[in-house]
Amino acid sequence: MADMNDVTGAGALSQYDIAQKKPKENTSNELGKDDFLKLMIAQLNNQNPLEPQANAEFVAQLAQFSQVEGIQNMSKGFESLSNSYKSSQALQASSLVGGAVTIEGNQESLLRHGELVFGMADVPSGASGMMLQITNSEGEMIESVALGNQPAGELSFKWDGANLEVNGEMADIDYDKFPTDDDGNIIPHDAGVYRFSVVGNVAGEQQALGTHTSARVDSVTLGQDSDLQLNLAGGGNITMADVKQINQVY
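Now the structure itself:
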């Protein structure tokens with residue numbers, strides 16, 4: 001007589017095996033283009049020969065079928081285009097590592113000797129008597145450079161801690177206040193974080209203009225939703241949407 005445990009074990013294993021092999025029922029409620037075509041053919045096969053389907057109705061169903069197929073193909077096309085765009089964006093972002101980007105609304109930048117701080121300002125029409133003010137991390141104003149009248153639009157500047165270039169021209173700097181080394185070379189301001197502000201006379205009032213400055217990109221992170229984050233030197237991160245300008249690093 002067979003051992004009851006053996007029989008029970010075999011039955012359990014058999015039931016488990018059957019459960020594993022049983023195909024899963026399709027619970028999808030979506031109607032694909034193949035299902036749509038099958039339903040339309042079944043409708044034609046079972047129509048009343050004495051009252052056949054009207055041509056206009058049949059043509060309308062064919063048009064609906066074409067529309068369903070077109071939407072599905074369009075969806076696949078958009079998905080492919082989106083993946084291609086994300087790959088292109090990731091490649092562009094990776095090329096920014098080690099470079100500098102000007103960030104929308106950012107007014108503080110880290111100065112490192114041998115490198116440049118890039119900046120921009122939004123100059124309204126009619127602005128006059130503009131000045132670039134630079135303050136250190138302790139809030140002390142270390143530079144207040146007269147820029148005179150500048151054309152409306154985007155004003156650009158570059159600063160290395162001593163020399164200032166505005167719209168491609170060197171600004172008038174008082175170099176006598178800078179200490180010099182044994183060879184007579186100017187010693188720039190200390191490395192560190194500085195704040196930049198462009199002010200001007202607009203409609204008879206002194207106003208701070210929209211100013212945007214740069215930061216170095218240390219690395220790039222790909223988020224869970226394929227969102228790209230640029231990790232900045234000194235901490236913090238931004239997205240590509242925050243980048244106002246990609247700067248050429250010398």
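Here the sequence shown stands for residues 1 to 250, where the numbers follow this note's numbering. For every residue, glycine included, the Cβ atom is placed at its ideal position computed from N, Cα and C.
Does DSSP put ALA42 in a helix, a strand or coil? helix
Consult DSSP for SER94 and reduce its assignment to one of helix, strand or coil. helix
So, helix, strand or coil for ALA241, using DSSP? helix
For TYR194, which beta-bridge partners are listed by DSSP? SER109
Drop a sphere of 10 angstroms on the beta-carbon of TYR175, count the other beta-carbons inside from all chains shown, and report buried for 16 or more, exposed for fewer. exposed
Rounded straight-line distance, which links the Cα of SER95 to that of VAL220: 9 Å
Just grab the DSSP bridge partners of LYS158 for me. PHE118, GLU165
Classify ILE187 as buried or exposed, calling it buried when 16 or more other Cβ atoms lie within 10 Å of its own Cβ. exposed
Output needed for ASP242: all residues of its chain with C-beta closer than 7 Å, excluding positions within five of it in sequence on either side, in chain order. ILE103, GLU104
Figure out for me which residue from ALA146, GLU165, ASN231 has the closest Cα to the Cα of SER128. ALA146
Of the choices GLY210, VAL101, ALA203, LYS244, whose alpha-carbon is the least far from that of PHE196? GLY210
Measuring alpha carbon to alpha carbon, tell me which of PHE118, GLY139, GLY234 ends up nearest ASN163. PHE118
The beta strand (DSSP E) enclosing LEU252, as first and last residue numbers: For residue 252 there is no data in the structure shown, the boundaries of the chain being 1 and 250.
Pair within 7 Å by beta-carbon distance, VAL202 and PRO124: yes
To the nearest angstrom, report how far apart GLY114 and ALA191 are at their CA atoms. 10 Å
Taking 7 Å as the threshold (C-beta atoms), are ASN247 and SER214 in contact? yes
Does any heavy atom of the ligand PLP sit closer than 6 Å to the C-beta of GLY235? Questions concerning the ligand PLP fall outside what the structure shown contains, since it holds no ligand whatsoever.
Where ASN106 falls, given that 16 or more other Cβ within 10 Å makes a residue buried: buried
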